[in-house]
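Visitor:
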Amino acid sequence: MSHFKMSNNSVMKKIVYLLLLACLFGCKDDLDLKPFDRISPSTAFNTEKDLQLYVNSFYPILPSGNEIVRGDEMSDYVVGRSLSNYISGSFTSSQATGWSWGDLRNINYFLEHYQQAQTTDEAKNHYAGVARFFRAWFYFDKVKRFGDVPWYDRTLDVNDPNLYKGRDSRAMVMDKVLEDLNFASENIRSSKDNTSSQITKWVALAFKSRVCLFEGTFRKYHPDLGLNESAGKWLGDAATAAQQVMESGNYKINRSGAAELSYRDLFTQETPNSDEVILAVVANKSLRVFNDANWYYTSATYGNRLNLTKTFVNTYLNRDGSRFTDNSGYNRVPFWEEVKNRDLRLQQTIRMGDYKRDGVAAPPDFTYTYTGYQPIKLTLDSKATDGVGENNNSLPIIRYAEVLLNYAEAKAELKTFTEADWNATVKVLRERAGIENAPYPVAADPYLQEHYYPNISDPALLEIRRERGIELVLEGFRYDDLKRWKAGKLLEMEYDGMYVPALDELYDLNEDGKPDVSFVRQTPASKVSGVYYFLIDDSQFKLSEGNKGNLILLSNLERSFGDYKYFYPIPFNEIVLNPALEQNPEW
Amino acid sequence: MESKLLLKSKRGSRRRCSLLLLAMLGIAPIEGFSSGHKAAAIGSIDAINYSGGDKQDGSVSGVVKDAAGQPLPGVSVALKGTSTGTVTDAEGMFTINTAGVGEPVLVLSYIGFESQEVAVGNRASFDVSLQEDTEALSEVVVVGYGTQKKVNLTGAVDQVGSEVFENRPLTNLARGLQGAIPNLNIRMTDGKPIRGAEYNVRGTTSIGAGGSALVLIDGVPGDPSLINPNDVESVTVLKDAASAAIYGARGSFGVILITTKKPSKDRTQVSYSSNFSVNERTVKPKLVTDGYAWAKMFDEAFYSWNDYKSHPQKANSVFPFSLDYLDELKRRQEDPSLPKVDIDPATGEYVYYGSTDWLKELYSDYNPSTEHSLSVSGSGNKVDYYLSGRYMSQKGVFRYNPDNYRMYNLRARGSVQAFDWLKLENDLAFTQMSYLFPMLNHPSNTPVWRRVSDEAFPNAMLRNPDGTLTENAAIVFGSFISGNNQSELDRVQIRNTSRFAANFLENRLRVYGDFTFQHLSDTETRLYTPVPYSKKPGVMLERGESKMNESDDKTTYFATNIYTEYEKQLGRHYLKGLIGYNYENSLLKSRYVERDGLLNSDLPDFSLMNGQNFTLRGGGNEWITMGGFFRLNYNYAEKYLFEVNGRYDGTSKFPINQQFGFFPSASAGWRVSEEPFWQGIRGAVNDLKFRASYGSLGNGNISPYQFLETMSVNKLGMVINGARPDYTQKPNVIPNGLTWEKATSVNLGADMGFLNNRLTASFDWYTRYTTDMFTVSLPLPSVFGASEPKGNYADLETKGWELSLGWRDQTGGDKPFSYDFRFILSDNVSYITKYNNPQKLISTYYEGMRVGDIWGFETEGFFVDEEDVTNHADQSYIRVSAANTPLPGDIKFRDLNGDGVINLGSSTADNPGDQKIIGNTEARYLFGFNTNADWNSFFFSAFLQGVGKRDFWPGTDNSLFWGAYNRPYSWHPEDVVNNMWSPENPDAYYPRLRGYVALNSRAELTVQQSKYLQNAAYVRLKNLTFGYNLPQSLVTKAGAASARVYFTGQNLWTYSPMFRITRNLDPEVIEGGDPEMNSGAGKGMAYPMLKTYTLGINVTF
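So the protein lines, in turn, are chains F and D. The numbering of the first sequence is the working numbering, which starts it at 1 and goes up by one. The numbering of the second sequence is the working numbering, which starts it at 10001 and goes up by one.
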């Protein structure tokens, strides 16, 4: 036994050595590992730089370039390949979208933590102002879309009963939006941003004029809300905010360069024109940040083949300031004639006359257009980006022209609009557009009343609305404008295109000597090279007078805009999850 | 070699033999075991009884008996190195002619006995006693932290040896393992040489955290795709919880143990093998390549989708198209004397009238690969060593700038018996893999197949008359031709393991330790340079970006194990205990650099770039696991077997209060055939064992930091103040009270041997309950503003079984023929038993759902006439054209719920509208069949593998299957073109030709439906080998010990019921896309699977 013991001892010794050796291989026993490539809430709000880093995450709340390109897809003055089934189809609450709240949580999370920063109150308030600007933007979008929405100014816990609360009233939410905008415009730093890409005091004020004008006119023209009494207060705020921007002297209407380009240049340059563009979604070729305007507008399949209707193009004034629609027979003028001597913005908005792409004459191309009024406002004249989403033109989100129009409209709605106001706003825009006479309007335009705004008799207000339509066309304002003016019925307007004098004729749309299009019931056996044969099938495509007249498009497409459509439905699933939300009427 | 010597000297005592064997097993993790291998014992002096007499006139005779002295009839006696042979007669007698053979050696073999080689020397006659083959009894398998005799196993464990990989040029070990072990489910989604595999054991693991099997190489986690398949000795799969429990939380879904080769004993052995292969795609789609035929159908498909109202003006994005063009194309086709390329006078641009076979331009017909491998091993007095090296290369399938795979392996292993009780070993492995892969220069970075299917029209052409690329060529794969558009992947791994093994107390107590260091560097550089092309004579244009990016991942990994084992036999009681500790630490550091603006595309270097757009990112993660583990084995007379395992495991991947868990398991076995009452039938059923096990494991297969509130910093996609700034944002919401997922499994099994183990069978049945899976919570209202925190909300049940059958036998005769078969079959199904989906929406999991179920409509047929359309249920939910006007030949769907409307109902299991479960995507009845045969120096083996049942929905953007029904301008496969509905062919498979109906949402071929669901079951001849062992005389003259030549074919033959519809899809490549590129390609549009023809040679010195 003793022998066994001895060997046991040496065994133990050896084993101990082995174990010691093994432990030399190093075993740290701390299982608490923190990520080294991510920060945590305790370290994310220390310095002013940290605040800047965080607020950068709010900027994607602004519309993207591609969203701006598509901004007017649902409007009365364009016709496209297809129509949103919100207007044409059987849209139901189970297809509803837009009820997403991640951005709000992100903003509120910031507002709950930014005070941790070791920096000046001025700096903290600046960033809080930026955050509250974006919260206003967020809620303005929600109210526009849904009407009443629940208001939250803090992040919610999984078990928070407020997840299941009902909606707060529009009045309450919009008051909060205004509070945010006031805080933003009073606390955000006031230096002008020459890159037109950052939120400044002036951006906040310009946006405030937009929000207040929307809310004021919406309340005024939707008396069923029972808020029309407060409309005047909102319109007053709109005018004041716009006036603050106007009086700052930071901005002016761009008149640099040729008169034929000073308008379109605002949309086709990589560097935003910071004289007029207050805020832009900036494209940058060397940073490879693009939009897809060319692809969208010059593909038969990728984009929606959006083009303007004749009814709308008719509203462009003649160069001399007279109305095109006052000409006798204005509705039977062929394309190449009607586009002559018009508001210079027309030739900067659609293909016409001697418009060239890559130096080659480019008449309206019926591969992409239906009406003949083919937009170029947001596209580039080079074909290089036609098939790819690589447009490097920065697109305005807010520009000074809008501020002027906001001011004019608010004042007109308040019935305090003066000739001086006219001269400072609409007249400035018309002058840039080469219109020789732009006197204060004294007579209502019967054309606008007949086709667009039968309930408006104020000549100035009608002209302001004309101006807004033309100046801001395709920039994504129209659907909101129709909503606030309660003019949604315009979305049911017949789609019309250019005047066709006769079938089976060859037409040279840009008068360059080469025929471009022929309207036919049957494609002829022998075709002329370079001519597009537009098939009049009398169902999708008709002529207003049978064998001639204005193109009538897609009249087979059912369109309807009942009053209930001023508010989107809340997604069906959300009502199931929280019945207290209550669906909007008739959805 | 001590073990073998010991074995011999203790001849006759089986128990002592096995004891000694067991003693040896202890050091097996170090010494290793060629388990499962039948080593021919070289006849030694005590195996031969001299019977006197001299060798006369060149013939030798003798008697063969068994250990009990009974003569053995039918024993095969062969003269080694010749084709001479005979069999023993009824008295066990044989005579064989050895004339002309210098030093004759007889090889005696008989099924159920160990074969023997006997050197004749100068004797003319002798007796030979053959030992009963104890392999079945002594066979050991590798288990966690040790080995175990197969007969004593109580868990579900399966093992294959190196024969699975022999004579097969494999780019990845996984390709060789596919189908080799039942319920080791390896699916490789395409034929790319770098394609890794997910090692799944026994079906669906977890729908929450996920998880696949833990793969260990010589006991330490490692990447099997980086090891030299020729170095592998055996692969073991631990399937049930009881076998895997010793690995704790990472073994919850099975463990795969890869054991590498050990030094050969006693002698120095040098082996060289080399092979050369020609590869060819398994599937070569037959597509319409006639320009006019294609264009006509393109027009038709476009026209019909647009309700026969408008013709296309372009073929996809850039190719102009019109009816005039179509007429002209026809004219040119009919008159071959007209030029194929013209210039449009209006634009000055080229107009093409080609008939291009684009796939022929994309792919080369054959691509070569080659492999060289050398190993040197041996042992001396107290040292042994094993050195091996391998070079494998494979040129890829493309015609221009083809992909190129190269792999270098080096391994050096040696050990020193420092003292009687201590052995030290070091094992170093180095691997370098590089892979060049051509890429498109397209902003969405889709795989080439998507662009080819979208823009390579037969009437378009590759090159202009002046040799420049056309615009379509520039889009599809011009970047391959112009070059400098490629990914270069470099993976380097250095791995070193140092081990010691010590034994005490007459080897009853053993201590082992190992330490592994591993460094893995994974670098991928992607280079993009614009592709030049031309649309007008003399005018060059460019497409694409000029940029380069590089991702660089470095992983440093340490692992150490220390464990000790004690065993004792007391009479018929046998006891073994093991206790140990394991620690692992892995640190990943990542870096990503991107910049644009190459100054010179031939000099791609970051210092020669001037773009403003650059990215520099870091990242990585770290994890630690540690655990203490134990195992207790007890058996009584090797008849009643018990085992208990457990592990106390900790991981840094879990929240602080959940970092540790204890995972126990138990198993038992009963060897019925050892019972006295069985003796009567042992002749027929010589072995029968029942096994049962139960265990519960936590699932640690998750990525680190999931439970921490973190905020990442990223680059904004917008320009602010002239730059793209960084941003951070709100952290994810972290749940409270998370705990481990749990996998509990029950296993029942039986092992059987019949006819002296000629026939063996093994069957296992199991159920695995995966509970508390980390999945979605009940949905919260969207105003919450973040994704709902996940939690332990779901349960899953997987049931399955596996079967393996083996047969081996040998004929007598002077040229014995020996052969074996092995057939394996496995199956499993999984059901969701708990999931947060109270509405039972069928778009996600729901309670009671079988995993993989496919919901769809029932195809009733085609509309016969207008009346049929009018009378049928309202089918407007399903689109057949732009204006949705159905015509005869469009698909008619059955109104299953009889409500007069074809729709989705509320898309719930209770109200699915007109949908029903039409199939299931899970692969069922996976099988493998392997056979080997040897005859007269020739050898043959074949391996079939397949899936017995699997449903496959072709899906959108699958132009190989749908042709013009997908995108009208896409490929038009002949299988589709010849099988389309027309008034004359109303019984065709495909409906009226309409473009986009297999692409647009809710369109008639986009909605899942019964008729077009494919049966993707298949059987594939994975491997077929013929070989010849060169005659010994010849080999010896060359100074070698043995040499063989062989021919191997892989994936030579395939059958799938799907082939009745289309031969354009390989049943193994139906997942779609290319994981290294962005998604966007349809199913089947992936790197082709390859058929390989190989000639090889093995020489051993």
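Built from N, CA and C at the ideal position, the CB exists for glycine as well.
Under a three-way DSSP split, which group does residue 11000/D fall into?
Guide: For residue 11000/D, the three-state secondary structure derived from DSSP is coil.
Visitor: What separation, rounded to the nearest whole angstrom, lies between the Cα atoms of residue 10701/D and residue 10651/D?
Guide: 10 Å
Visitor: Ends of the beta strand (DSSP E) at residue 10768/D?
Guide: 10759 to 10775
Visitor: Helix, strand or coil for residue 10050/D per DSSP?
Guide: Caution is warranted here: a pLDDT of 39 is assigned to residue 10050/D, below 50, making its placement in the model unreliable, and the coordinate value is therefore given only provisionally. If DSSP states are grouped into helix, strand and coil, residue 10050/D belongs with the strands.
Visitor: Could you work out which residues of chain F lie near residue 10728/D, taking near to mean beta carbons separated by less than 7 Å?
Guide: 39, 44, 53, 54, 57
Visitor: Just to confirm, is the Cβ distance from residue 10319/D to residue 10471/D under 9 Å?
Guide: yes
Visitor: Whole alpha helix (DSSP H) runs in the segment 30 to 64 of chain F with 4 or more residues, listed along the chain?
Guide: 48 to 55
Visitor: At a Cβ threshold of 9 Å, is residue 10719/D touching chain F?
Guide: yes
Visitor: Please tell me whether residue 3/F has its Cβ less than 9 Å away from any Cβ of chain D.
Guide: Caution applies to residue 3/F, whose pLDDT of 44 falls short of 50 and renders its modelled position unreliable; the model cannot decide the point.
Visitor: Are the beta-carbon atoms belonging to residue 10544/D and residue 10485/D less than 9 Å from one another?
Guide: It is a contact, given that the beta carbons lie within the stated cut-off.
Visitor: Residue 10705/D versus chain F: which residues are under 7 Å apart at the beta carbon?
Guide: 35
Visitor: State yes or no: is the beta carbon of residue 10565/D nearer than 9 Å to at least one beta carbon in chain F?
Guide: no
Visitor: Just the chain D side, please: which residues come within less than 8 Å of residue 388/F by C-beta, in chain order?
Guide: Contact of residue 388/F with chain D by beta-carbon distance below 8 Å involves 10443.
Visitor: Considering only the alpha carbon of each residue, which of 10930/D, 10346/D, 10741/D, 10329/D lies closest to residue 10163/D?
Guide: Closest by alpha carbon: 10930/D.
Visitor: Using the rule of at least 16 other Cβ atoms within 10 Å of the residue's Cβ for burial, across every protein chain shown, is residue 10621/D buried or exposed?
Guide: buried
Visitor: Name the residue from 10812/D, 10541/D, 10789/D, 10850/D whose alpha carbon lies nearest to the alpha carbon of residue 10829/D.
Guide: 10850/D
Visitor: What three-state label does DSSP hand residue 459/F in the structure shown?
Guide: Secondary structure of residue 459/F (DSSP, three-state): helix.
Visitor: Between the segment 10605 to 10631 of chain D and chain F, which residues of the former have CB atoms less than 9 Å from a CB of the latter, in chain order?
Guide: 10611, 10612, 10613, 10617, 10618, 10619, 10620, 10621, 10622, 10623, 10624, 10625, 10626
Visitor: Which of the three DSSP states is assigned to residue 483/F in this structure?
Guide: helix
Visitor: Please classify residue 187/F: does DSSP put it in a helix, a strand, or coil?
Guide: helix
Visitor: Can you find a CB in chain D that lies within less than 9 Å of the CB of residue 183/F?
Guide: no
Visitor: Under 9 Å between C-beta atoms, does residue 10656/D make it to chain F?
Guide: Using a Cβ-Cβ cut-off of 9 Å, residue 10656/D counts as an interface residue toward chain F, since at least one Cβ of chain F sits closer than that to its own.
Visitor: Expressed to the nearest angstrom, what Euclidean distance is found between the alpha-carbon atoms of residue 270/F and residue 249/F?
Guide: 24 Å
Visitor: What are the partner residues of residue 10573/D, as DSSP defines its beta bridges?
Guide: 10570/D, 10636/D
Visitor: Pick helix, strand or coil for residue 11060/D, following the three-state DSSP scheme.
Guide: helix
Visitor: Which of the residues in the segment 557 to 579 of chain F, read from start to end, lie with their CB under 9 Å from any CB of chain D?
Guide: 571, 573, 574, 576, 577, 578
Visitor: Checking the sheet assignment: what are the DSSP bridge partners for residue 10925/D?
Guide: According to DSSP, which records beta bridges pairwise, residue 10925/D is partnered with nothing at all.
Visitor: Determine the chain F residues that contact residue 10324/D at a beta-carbon separation under 7 Å, and present them in chain order.
Guide: 527
Visitor: Can you tell which of 10773/D, 10923/D, 10090/D, 10353/D has the C-alpha that lies nearest to the C-alpha of residue 10070/D?
Guide: 10090/D
Visitor: Spell out the partners DSSP gives residue 497/F in its beta bridges.
Guide: Answer is none; residue 497/F lacks a bridge partner.
Visitor: Using the beta-carbon of each residue, which ones in chain F are nearer than 8 Å to residue 10786/D?
Guide: 102, 105
Visitor: What are the residues of the segment 10954 to 10974 of chain D that lie near chain F, defined by any Cβ-Cβ distance shorter than 9 Å?
Guide: none
Visitor: Is there at least one Cβ from chain D nearer than 9 Å to residue 164/F's Cβ?
Guide: yes
Visitor: Give me the subset of the segment 275 to 291 of chain F whose CB atoms are less than 8 Å from a CB atom of chain D, sorted by chain position.
Guide: Legend: CB atoms of the segment 275 to 291 of chain F lying less than 8 Å from CB atoms of chain D belong to residues 281, 282, 283, 284, 286, 287, 288, 289.
Visitor: Can you find a C-beta in chain D that's less than 9 Å from the C-beta of residue 110/F?
Guide: yes
Visitor: Going by beta-carbon coordinates alone, are residue 10393/D and residue 10231/D separated by less than 9 Å?
Guide: no
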